[in-house]
Every structure is written in structure tokens, then in C-alpha cells.
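Numbering (the UniProt record's numbering), first residue to last: 1 to 52.
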């Protein structure tokens, strides 16, 4: 079994929050809980999060 780490960092690269997930799950499933209650002006993400 594998695991993934989804991390949220601030502009200097310091870790703010992270989520551990099963390796077979899609990262997008954990984004909402990760950014909940976080106040930010911009969000830079990998192309995998572009679902539009």
C-alpha cells in the first residue's frame, strides 16, 4: 500500500497544513479540507487540479 502527502505552504515555503492520503486516491479529493478556513490571496497548484 502507498500513501501520498498533500501539502499547503506559505509564500516562503514553510508548511502550513498537510493531509496524508491513500496512494490510490485522487489529490483533488483532499483539497477542500486542506484549504478550509485558510485565508489566502492566491493559490498555485499543479495542473492535475485544473478541472475546468
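All C-beta atoms, glycine included, are put in the ideal place defined by N, C-alpha and C.
### Query
Using DSSP with H/G/I as helix, E/B as strand and the rest coil, what is residue 47?
Counting from 1 along the chain shown, the entry for residue 47 is found at position 47. Residue state, collapsed to three classes: helix.
#### Entry: Element boundaries [beta strand (DSSP E), containing residue 38]
For this step, residue 38 is matched to residue 38 along the chain shown. Premise fails: residue 38 is in no beta strand (DSSP E) and is neither H nor E.
### Query
Since residue 20 and residue 35 are thought to touch, with beta carbons under 8 angstroms apart, how far apart are those beta carbons, to the nearest angstrom?
Locating residue 20 in the chain shown gives position 20, counting from the first residue. Locating residue 35 in the chain shown gives position 35, counting from the first residue. Not quite, the Cβ-Cβ distance comes to about 16 angstroms (not below 8 angstroms), so this is no contact.
### Task
Out of 18, 2, 32 and 44, state which residue places its alpha-carbon closest to the alpha-carbon of residue 11.
Start at 1 with the first residue of the chain shown, and residue 11 comes out as number 11. Here the closest residue by C-alpha is 44.
### Message
For residue 46 and residue 27, I'd like the C-alpha separation in whole angstroms.
### Response
Taking the first residue of the chain shown as position 1, residue 46 is located at position 46. Taking the first residue of the chain shown as position 1, residue 27 is located at position 27. Computed Cα separation, rounded: 10 angstroms.
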